[in-house]
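Q: There's a structure below that I have some questions on.
2 protein chains.
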Amino acid sequence: MSSNRPSLSAKLDGLRSSAIRDLLKLTSRAEIISLAGGLPDAALMPSARIAEAAAKALTDTAVLQYTESPGWAPLRAVLAERESARIGRAVALDEVFVTHGSQQALSLLAEVLLDPGALVVVEDPAYVGALQVFRAAGARLVTVPLDAEGMRVDVLRELLARGERPAVVHTVSNFHNPGGVTMSSHRRRELAELADAYGFWVIEDDPYGELWFDAAPPEPVAAHSRTVIRLSSASKIIAPTLRVGWMTAPESVCRAVELLKQGADLCGSALTQQIAAELLADDAWLTAHVDTVRATYRTRAEALVRAVRATFGDSLSCTDASGGMFVWASFTDGTDTSALLARALEEGVAYVPGAAFTVDSAYTHSMRMCFTTADAPVLERAVNRLARAHARARVVSGQSTQL
Amino acid sequence: MSSNRPSLSAKLDGLRSSAIRDLLKLTSRAEIISLAGGLPDAALMPSARIAEAAAKALTDTAVLQYTESPGWAPLRAVLAERESARIGRAVALDEVFVTHGSQQALSLLAEVLLDPGALVVVEDPAYVGALQVFRAAGARLVTVPLDAEGMRVDVLRELLARGERPAVVHTVSNFHNPGGVTMSSHRRRELAELADAYGFWVIEDDPYGELWFDAAPPEPVAAHSRTVIRLSSASKIIAPTLRVGWMTAPESVCRAVELLKQGADLCGSALTQQIAAELLADDAWLTAHVDTVRATYRTRAEALVRAVRATFGDSLSCTDASGGMFVWASFTDGTDTSALLARALEEGVAYVPGAAFTVDSAYTHSMRMCFTTADAPVLERAVNRLARAHARARVVSGQSTQL
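Top to bottom, those sequences are chains A and B. Counting in full-length UniProt numbering, the first sequence runs from 1 upward without gaps. Counting in full-length UniProt numbering, the second sequence runs from 1 upward without gaps.
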């Protein structure tokens, strides 16, 4: 018999690496100032405090063993207390589930909540990590645009009135990635009312909510309905290396996610979960730490937005950075951001073209800029480089895109 | 509009918690000696060495950040070197992929290798964590029995001759969980030849291979064919808390798994991966450490098997424990191990009834006993308690089961 190489699943044909990940490989040259990443600043992360918590945890051999699939119980207790304060009602331990970053919560929820062909409503532009899991689950995606007040709930209402029946509506309610905007309080209430009325799940994906600059964002959507599943994470406020995300959801959802978690990877790391519990429980320290991160990001965000406005004037409209990690900017002079990128890289600056976040819209003239990992003077230099690239650009199309 | 609670996916109807996990909740009472678990002994794990490696890793803030989806490159380099030595050919960096324990490798591979309805051949009795992911992927399962030389490759050959065309054949080649047996060298070669001839993937699931007592197991199945995907783990030789498993596979498989890993959880923990790299690279220390684990488990295994044989004689046939963590024992006097369990718990001993590992066979009279977490005198007491439960048992059926 001749040698016969086995094949891979046909399902993989539709899967591709995210455009952003491919881009990041191109932008890692030292001379490039990258606004393309989506990373928190490691220099601001509490390495000494983490080392101290690790050493303390490792004095007990229990931390070396497998832990429970829903997460180490004392961590869940700390999270239940935090979420109770946030949502404004007593969250039970069985309503909190620890995941390997909030991306794992999205991935397991897609399995738990969606049958193939189910309708999922996503925001446009969308968080690409959510698109990836919903597509992999065989969902049908329908988009609702963003404006300065976040998700256009009126458009969702029209979809529902036309008879569309989503299983899930996904929203990044605070400091949207990539859109930069935050959903207003009255839209949160409306979205929750629609969820209750029509019987769909809302996934309120909230990794950035604590990174506010002037004022905390409005109460979560989850404060208004029990059919909201809230996701959050220690990655942006402590460190991604902990791989600690969490989900606050009805107990039935947590139990279903638990069954899938056992097959997916059995359980998380008792070590990193104990470190997270130690740091999240220390309110005084955590408040001071997050204040520092917030103040630093605020200075950087303001420097970036100021430089963009001073340099480009009306030809590049840019979101106000009121928190989070990203600014979304759209050329009004017809500049194509995908075409501009090659010149920008030549000039030594990188960003993510709007096309990477496309669901229905093209975002030909838009881009996402991350302000977290460079200081103000570097960000100003980045904008200067972008201006040089823009001045050289001859690739101009006729239309402008609005967010 | 009335309130309308959204539902969960219909896919969940077929999912249930593993019988073993449910049993473990019953057996955690302090007075019960549990042979039901499947845990390595935390007291043997190198907590001081892990603490030292954690402190060292945390002096560099890079360890706090997200890491690459295929795993931290220096860890992959260490693993490539180890796997090269094991398999007997140069394994490239791009053929090594780090997963969140080897359970995650199984779970992602089920997505990568299987289309719904694909045929998967599993051993009977089977590792339940593998059954769970293959079932969730919609595979059709066909079983091949084990004997003292591991998988009955002649039965697989008959299946192939009858026209069955598996996409995947899964084997726990060394110190089988739950079967306790190791595949012989000539069967490994035969299995690899069949894989090449018929074009199916072999998943060689090998978490226990280093836990041999008298002699190392034969060369891996992967030494004989490139269509073998080898899984291994740091959980049994260092500590489960690291959540470091790895896969050695053709680059095309690693790239496909990478795409799915991004959606599943983005990446692993740079911290626990650096700890694993540090310890796995320290050959002299690791050899001495694993020797200690091996010697301790060997003493325990021998004590358990000796006590079983001395106490039950011919009425309970038991595998020779030559490595790993488990003994598989079958009553020859018709005792039903599921029925016996209630009495065993009353007497203060727990095990897992064979029914938990059932695919096609009933294993009514069999059970799995784990010898890793109790010292010899405690294991002897456990067997005495089992004997008291057995003496009281009146639930006797007519047949016996053989492994």
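Every residue gets a Cβ at the ideal spot worked out from N, C-alpha and C, and that includes glycine.
Where residue 317 of chain B and residue 96 of chain B are concerned, what is the direct C-alpha to C-alpha distance, given to the nearest angstrom?
A: 40 Å
Q: Using a 10 Å radius around the Cβ and a threshold of 16 neighbouring Cβ atoms, would you call residue 117 of chain A buried or exposed?
A: exposed
Q: Taking the alpha-carbon positions, what's the residue 218 of chain A to residue 224 of chain A distance?
A: 12 Å
Q: So which residues on chain A does residue 122 of chain B lean against when the C-beta distance must stay under 9 Å?
A: Within 9 Å Cβ-Cβ: nothing; residue 122 of chain B doesn't reach chain A, min ~15 Å.
Q: Straight-line CA distance for residue 188 of chain B to residue 121 of chain B?
A: 15 Å
Q: So the alpha helix (DSSP H) residue 136 of chain A belongs to, where does it begin and stop?
A: 128-136
Q: Run the proximity test for residue 198 of chain B: is its beta-carbon closer than 8 Å to any non-hydrogen atom belonging to the ligand ATP?
A: By its list of ligands, the structure shown contains no ligand whatsoever, and the ligand ATP lies outside what it can speak to.
Q: Leaving out five residues on either side along the sequence, give the residues of the same chain with a beta carbon under 7 Å from the beta carbon of residue 78 of chain A.
A: 277, 280 and 281
Q: Could you check if residue 88 of chain B is buried or exposed, using at least 16 other CB atoms within 10 Å of its CB as the buried criterion?
A: exposed
Q: Would residue 154 of chain A be called buried (16 or more neighbouring beta carbons within 10 Å of its own) or exposed?
A: exposed
Q: Residues of chain A with CB under 7 Å from residue 285 of chain B, in chain order?
A: Within chain A, no residue comes near residue 285 of chain B; the closest Cβ sits about 16 Å away, beyond 7 Å.
Q: Determine the closest residue to residue 151 of chain B out of B/137, B/160 and B/125, with distance taken between C-alpha atoms.
A: With distances taken between Cα atoms, residue 151 of chain B lies closest to B/125.
Q: Residues of the segment 31-55 of chain A in Cβ contact with chain B at a cutoff of 7 Å, in chain order, please.
A: 39, 42, 43, 45, 47, 50, 51, 54 and 55
Q: Using a 10 Å radius around the Cβ and a threshold of 16 neighbouring Cβ atoms, would you call residue 48 of chain A buried or exposed?
A: exposed
Q: Anything in chain A within Cβ reach of residue 4 of chain B, meaning under 8 Å, just list it in chain order.
A: In chain order: 196, 197, 198 and 199.
Q: Chain B partners of residue 240 of chain A, CB-CB under 9 Å?
A: Contacts between residue 240 of chain A and chain B, judged by CB atoms closer than 9 Å, involve 64, 65, 66, 67, 266, 267, 269 and 270 in chain order.
Q: Since residue 148 of chain B contacts residue 181 of chain B with CB under 8 Å, what's their CB separation in whole angstroms?
A: 6 Å
Q: List the endpoints of the continuous alpha helix (DSSP H) containing residue 278 of chain A.
A: 270-281
Q: Please tell me whether residue 50 of chain B and residue 275 of chain B are closer than 9 Å, where the distance is taken between their beta carbons.
A: Taking 9 Å as the cut-off, the beta carbon of residue 50 of chain B is found closer than this to the beta carbon of residue 275 of chain B.
Q: Around the Cβ of residue 59 of chain A, are there at least 16 other Cβ atoms within 10 angstroms (buried) or fewer (exposed)?
A: Flag for residue 59 of chain A reads exposed.
Q: Kindly give me the distance between the Cβ atoms of residue 32 of chain B and residue 249 of chain B, rounded to whole angstroms, as I take these residues to be in contact under 8 Å.
A: Wrong, their Cβ atoms sit about 41 Å apart, outside the cutoff.
Q: Ignoring anything shorter than 3 residues or poking outside the segment 299-343 of chain B, list the beta strand (DSSP E) runs there in chain order.
A: Counting only unbroken stretches of 3 or more residues, the beta strand (DSSP E) elements lying wholly within the segment 299-343 of chain B are 316-318 and 326-331, in sequence order.
Q: To be precise: take each residue of the segment 92-105 of chain B, compare its Cβ to all Cβ atoms of chain A, and keep it if any distance is under 9 Å. Which residues remain?
A: 99, 100, 101, 103 and 104
Q: In terms of residues, what are the limits of the beta strand (DSSP E) holding residue 378 of chain A?
A: Segment 376-392 is the alpha helix (DSSP H) holding residue 378 of chain A; no beta strand (DSSP E) there.
Q: Using a cut-off of 8 Å between C-beta atoms, extract the partners of residue 171 of chain B located in chain A.
A: Correct list: empty, because the minimum Cβ distance to chain A is about 15 Å.
Q: Within its chain, find whatever has a CB closer than 8 Å to the CB of residue 374 of chain B; leave out the 5 residues flanking it on each side and keep chain order.
A: 33, 35, 300 and 382
Q: Taking beta-carbon pairs under 7 Å, can you tell me which members of the segment 208-239 of chain A lie near chain B?
A: 227 and 239
Q: Short of 8 Å in beta carbon distance, which residues of its chain neighbour residue 53 of chain B, apart from the five on each side in sequence? Order them along the chain.
A: 274, 275, 278 and 279
Q: Please name the residue in B/331, B/190, B/111 and B/334 whose C-alpha comes closest to that of residue 132 of chain B.
A: B/111
Q: According to DSSP, is residue 254 of chain B helix, strand or coil?
A: helix
Q: According to DSSP, what are the bridge partners of residue 98 of chain B?
A: Residue 98 of chain B is bridged to B/246.
Q: Given residue 245 of chain A, which residues of its chain have a CB within under 6 Å of its CB, disregarding the five upstream and five downstream residues?
A: 99, 101, 102, 105 and 233
Q: Which partner residues does residue 147 of chain A have in the DSSP bridge list?
A: A/150
Q: DSSP three-state call for residue 353 of chain B: helix, strand or coil?
A: Residue state, collapsed to three classes: strand.
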